[in-house]
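From first to last, the protein sequence lines stand for chains A and B.
Take the first sequence: its letter number 180 is residue 179 in numbering that gives the first Met the number 0, and every next letter is one higher.
Take the second sequence: its letter number 165 is residue 164 in numbering that gives the first Met the number 0, and every next letter is one higher.
2 protein chains.
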Amino acid sequence: MSATPKAVSRLIEAFSRLPGIGPKTASRLAYHLLRAGREDAQSLSQALAELHEHTMFCSVCCNISESDPCDVCSDPHRDRTMICVVEEPLDVLAIENTGRYKGLYHVLHGHISPMERIGPDELHIRELMRRLEDGTIQEVIVATNPTLEGDATGMFLSRLIGPMGVRVTRLALGLPRGGDLEYADRVTLAEALAGRRAI
Amino acid sequence: MSATPKAVSRLIEAFSRLPGIGPKTASRLAYHLLRAGREDAQSLSQALAELHEHTMFCSVCCNISESDPCDVCSDPHRDRTMICVVEEPLDVLAIENTGRYKGLYHVLHGHISPMERIGPDELHIRELMRRLEDGTIQEVIVATNPTLEGDATGMFLSRLIGPMGVRVTRLALGLPRGGDLEYADRVTLAEALAGRRAI
Numbered sequence: 000m001s002a003t004p005k006a007v008s009r010l011i012e013a014f015s016r017l018p019g020i021g022p023k024t025a026s027r028l029a030y031h032l033l034r035a036g037r038e039d040a041q042s043l044s045q046a047l048a049e050l051h052e053h054t055m056f057c058s059v060c061c062n063i064s065e066s067d068p069c070d071v072c073s074d075p076h077r078d079r080t081m082i083c084v085v086e087e088p089l090d091v092l093a094i095e096n097t098g099r100y101k102g103l104y105h106v107l108h109g110h111i112s113p114m115e116r117i118g119p120d121e122l123h124i125r126e127l128m129r130r131l132e133d134g135t136i137q138e139v140i141v142a143t144n145p146t147l148e149g150d151a152t153g154m155f156l157s158r159l160i161g162p163m164g165v166r167v168t169r170l171a172l173g174l175p176r177g178g179d180l181e182y183a184d185r186v187t188l189a190e191a192l193a194g195r196r197a198i
Numbered sequence: 000m001s002a003t004p005k006a007v008s009r010l011i012e013a014f015s016r017l018p019g020i021g022p023k024t025a026s027r028l029a030y031h032l033l034r035a036g037r038e039d040a041q042s043l044s045q046a047l048a049e050l051h052e053h054t055m056f057c058s059v060c061c062n063i064s065e066s067d068p069c070d071v072c073s074d075p076h077r078d079r080t081m082i083c084v085v086e087e088p089l090d091v092l093a094i095e096n097t098g099r100y101k102g103l104y105h106v107l108h109g110h111i112s113p114m115e116r117i118g119p120d121e122l123h124i125r126e127l128m129r130r131l132e133d134g135t136i137q138e139v140i141v142a143t144n145p146t147l148e149g150d151a152t153g154m155f156l157s158r159l160i161g162p163m164g165v166r167v168t169r170l171a172l173g174l175p176r177g178g179d180l181e182y183a184d185r186v187t188l189a190e191a192l193a194g195r196r197a198i
């Protein structure tokens with residue numbers, strides 16, 4: 000005999016399937032919603048139900064969007080000579096939040112990773128190559144994550160795109176602003192040294 | 000102009016209202032569900048929609064339940080001479096999981112906390128007192144949290160119930176099994192010393 004009502008354990012199970020949420024956190028969330036009252040649970044339920052109804056993938060940049068093409072791709076004020084290539088839709092948000100980039104984006108939806116059996120064909124690289132065909136794009140900024148997989152993906156793109164006469168750049172590696180040199184890891188410090196610039 | 004579709008930002012907002020989930024985790028969860036496909040989002044949505052439909056509070060022990068009285072309160076095999084008093088429904092689960100308790104429960108839904116303006120009247124203490132009236136209950140085990148507020152609640156209950164001739168006990172305090180004496184905090188170690196038992 001279980002002391003948990005079925006409706007509660009079903010919710011706990013559904014929460015546990017989310018990344019980073021274990022059974023303990025899932026129980027806490029479920030009981031919080033029980034206590035918090037009907038409204039919170041209903042609004043979350045509704046938001047989830049509508050998630051896939053009103054979203055699609057932009058057929059140009061492969062980002063998640065409300066329309067196809069997406070707001071960025073159809074914005075006449077964006078610089079149409081550069082594409083910033085990122086791994087995930089959240090990375091687009093991060094770069095938009097800097098307010099320093101006015102070009103276009105391309106979302107790969109992952110990175111090359113032989114360990115996870117993700118090759119170039121599993122990513123949206125074909126769509127990227129198609130965008131380079133008409134010669135408008137002059138620079139591709141590779142903004143994949145500063146990880147082994149991100150680097151490998153960047154290297155792959157650079158070898159593919161470089162010969163087409165398009166400039167391929169990579170986000171700078173170095174010390175994070177506000178960080179402390181003393182606590183910087185060896186690899187980051189080495190990158191910062193190697194990438195030093197005249198002042 | 001925002002790069003986030005409205006359906007996604009609505010979901011991020013709803014997730015952020017949950018305890019322990021900040022805007023970053025909320026975004027990660029939302030984009031995970033977008034990628035994971037329709038099914039996961041739908042099953043979570045449904046579980047949330049049904050949460051309040053199929054659950055109620057047991058009018059005897061105040062625990063969350065599928066029926067009234069709940070499974071524990073209506074189980075003829077439980078020991079009807081003892082009540083274990085806990086703060087939250089999750090605490091009932093924790094004690095049930097030990098497999099060592101066969102009595103009844105009572106859920107207070109909180110603890111006495113003058114700082115948070117929670118007095119005895121905000122808890123389900125009246126319901127507990129009513130259960131003691133017919134003299135069947137011989138022991139009340141106070142299993143509130145080992146915190147200042149939990150202790151205060153326990154003390155309050157003990158003063159209220161003690162004079163009725165009902166035995167009031169408290170869960171033992173001491174070293175957690177598997178812990179390391181070297182890393183035990185001072186207060187816990189002091190409690191373990193004070194509560195030492197003959198072997």
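C-beta atoms are modelled at their ideal positions from N, C-alpha and C, and glycine is treated no differently.
Owing to the predicted nature of the structure, the values given are computational and were not obtained by experimental measurement.
Beta carbon proximity, residue i to chain B, threshold 8 Å
i	result
residue 121(A)	no
residue 13(A)	yes
residue 99(A)	no
residue 4(A)	yes
residue 46(A)	yes
residue 175(A)	no
residue 17(A)	yes
residue 49(A)	yes
residue 107(A)	no
residue 58(A)	no
residue 39(A)	yes
residue 148(A)	no
residue 9(A)	yes
residue 26(A)	yes
residue 22(A)	no
Burial state of residue i, where buried means 16 or more other Cβ atoms lie within 10 Å
i	result
residue 146(B)	exposed
residue 7(A)	buried
residue 66(A)	exposed
residue 10(B)	buried
residue 93(B)	exposed
residue 142(A)	buried
residue 62(B)	buried
residue 13(A)	buried
residue 105(A)	buried
Short CB-CB distance (under 8 Å) between residue i and chain A
i	result
residue 111(B)	no
residue 199(B)	The structure shown does not extend to residue 199(B), since chain B is modelled only from 0 to 198, so the question has no answer here.
residue 103(B)	no
residue 167(B)	no
residue 152(B)	no
residue 115(B)	no
residue 63(B)	yes
residue 42(B)	yes
residue 139(B)	no
residue 186(B)	no
residue 126(B)	no
residue 143(B)	no
residue 129(B)	no
residue 190(B)	no
According to DSSP, residues forming a beta bridge with residue i
i	result
residue 169(A)	141(A)
residue 105(B)	84(B)
residue 198(A)	DSSP, once it has assigned bridges, lists no residue as partnering residue 198(A).
residue 55(B)	64(B)
residue 117(A)	112(A)
Chain-order list of residues whose beta-carbon lies under 6 Å from that of residue i (same chain, five-residue window excluded)
i	result
residue 192(A)	none
residue 78(A)	101, 102
residue 69(A)	57, 62
Same chain only: Cβ atoms within 7 Å of residue i, ignoring 5 sequence neighbours per side
i	result
residue 0(A)	Only weak support exists for where residue 0(A) lies, its pLDDT of 45 falling under 50; the coordinates are left without a value.
residue 162(B)	none
Same chain, Cβ closer than 8 Å to residue i, neighbours up to 5 away in sequence not counted
i	result
residue 196(B)	none
Check whether the stretch 86-94 of chain A touches the stretch 82-89 of chain B, counting contact only when three or more Cβ pairs, one atom from each stretch, lie closer than 8 Å.
no
The stretch 104-114 of chain B touching the stretch 145-165 of chain B, judged by at least three CB pairs closer than 8 Å:
yes
If we count Cβ pairs, one from each stretch, closer than 8 Å, do we get three or more for the stretch 169-182 of chain A versus the stretch 112-127 of chain A?
no
Stretch pair the stretch 24-31 of chain A + the stretch 15-35 of chain B: three plus CB contacts closer than 8 Å
yes
Are the stretch 40-59 of chain A and the stretch 29-44 of chain B touching by the rule of at least three beta carbon pairs closer than 8 Å?
yes
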